[in-house]
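With the working numbering applied, the sequence shown covers -3 to 86.
In what follows, a structure is listed as structure tokens, so that the remarks can point back to it.
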Amino acid sequence: MSTVFYRFPDAQTFDSVVPKDAEGSPTMPNLDIIGTIHEGGQWDDDGTVIVAPTAIPGYHVNTPEPVPELEPYRIERPNSPYRVFAGDES
-3 MSTVFYRFPD
7 AQTFDSVVPK
17 DAEGSPTMPN
27 LDIIGTIHEG
37 GQWDDDGTVI
47 VAPTAIPGYH
57 VNTPEPVPEL
67 EPYRIERPNS
77 PYRVFAGDES
């Protein structure tokens, strides 16, 4: 199994294309919604922000297998994935 990575412009776009049941819940049980990923940043010992982290563009979601409805938003596997599914073989 290999984790499949998707990047949407924003949460609203993801919500508009994800397959849902009659109650409006996503129909995929293994959906890893990461959202906005931040990198960098610096804090002092008290937790005060010295340098704010930078948001990576997009709203990020992973699945354990391809989802046809999400394919237009599929991206290549990142060099250093933020998260992967257990058993990921890539």
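Where a beta carbon is used, it is the ideal one built from N, C-alpha and C, also for glycine.
Paired residues, beta bridge with residue i - DSSP
{"i": "THR23", "result": "In the DSSP output, where bridge partners are listed per residue, THR23 has none listed."}
{"i": "ARG70", "result": "TYR2"}
Check whether residue i and residue j have beta carbons under 9 Å apart
{"i": "GLU72", "j": "MET(-3)", "result": "no"}
{"i": "THR32", "j": "TYR55", "result": "yes"}
{"i": "VAL57", "j": "LEU27", "result": "yes"}
{"i": "PHE4", "j": "TYR69", "result": "yes"}
Residues of its chain near residue i, where Cβ-Cβ distance is below 6 Å and the 5 sequence neighbours each way are ignored
{"i": "VAL80", "result": "THR(-1)"}
{"i": "GLY36", "result": "PRO49 and THR50"}
Chain-order list of residues whose beta-carbon lies under 7 Å from that of residue i (same chain, five-residue window excluded)
{"i": "LYS16", "result": "PRO22 and THR23"}
Nonlocal neighbours in the same chain, by C-beta distance under 8 Å from residue i, ignoring five residues either side
{"i": "ALA7", "result": "GLY31 and TYR55"}
{"i": "GLU85", "result": "MET(-3) and SER(-2)"}
Considering only residues of the segment 0 to 62, which uninterrupted alpha helix (DSSP H) runs meet the minimum length of 4 residues and lie entirely inside it, listed in chain order? 7 to 13
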